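As structure tokens, the structure follows; a few thoughts come after it.
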Amino acid sequence: ALLVIETEAHAKARGANILGRLMGASITSDGFHMVAPDPNGNRAGYAMTRAIELAGLSPTDIDHINAHATGTTVGDVAESVAIN
36 ALLVIETEAH
46 AKARGANILG
56 RLMGASITSD
66 GFHMVAPDPN
76 GNRAGYAMTR
86 AIELAGLSPT
96 DIDHINAHAT
106 GTTVGDVAES
116 VAIN
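In our numbering, the protein residues as written are 36 to 119.
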């Protein structure tokens, strides 16, 4: 699979079939532990909430979440808590 992120103007200029739109983004750093996230998902939840706010959306506007923790119990739990 391949994901191309480009400006709308560039995509239209090359005649691309636009399938989605990146409306907002955010990043945080979790200093809970060197290799484990805060099990409460606080920083991940903040990043998600901030991205939604920056996009001018509400959580009910989100149609898809591509969850991608590390595949570990602690990572998956923290991410699930953050999403909820």
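Cβ atoms here follow ideal geometry from the backbone N, Cα and C, with glycine treated the same way.
Note that the structure is predicted; figures quoted are calculated from it, not measured.
- Task: Give the straight-line distance between the Cα atoms of Gly80 and Lys47, rounded to the nearest whole angstrom.
- Result: 34 Å
- Task: Would you tell me roughly how many angstroms separate the C-alpha atoms of Gly55 and His68, rounded to the nearest one?
- Result: Rounded to the nearest whole angstrom, the C-alpha separation of Gly55 and His68 is 35 Å.
- State buried or exposed for Met83, treating a residue as buried only when at least 16 other CB atoms are found within 10 Å of its CB. buried
- Please report the Cβ distance between Arg78 and Ser64, rounded to the nearest whole angstrom; I am assuming they are in contact, meaning their Cβ atoms lie under 8 Å. 7 Å
- Task: Identify whether Thr107 lies in helix, strand or coil by the three-state DSSP scheme.
- Result: Thr107 carries a coil assignment under DSSP once its states are collapsed to helix, strand and coil.
- Query: So is Arg85 in contact with chain D if we call contact Cβ pairs under 9 Å?
  - Reply: The structure shown contains no chain D; it holds only a single protein chain.
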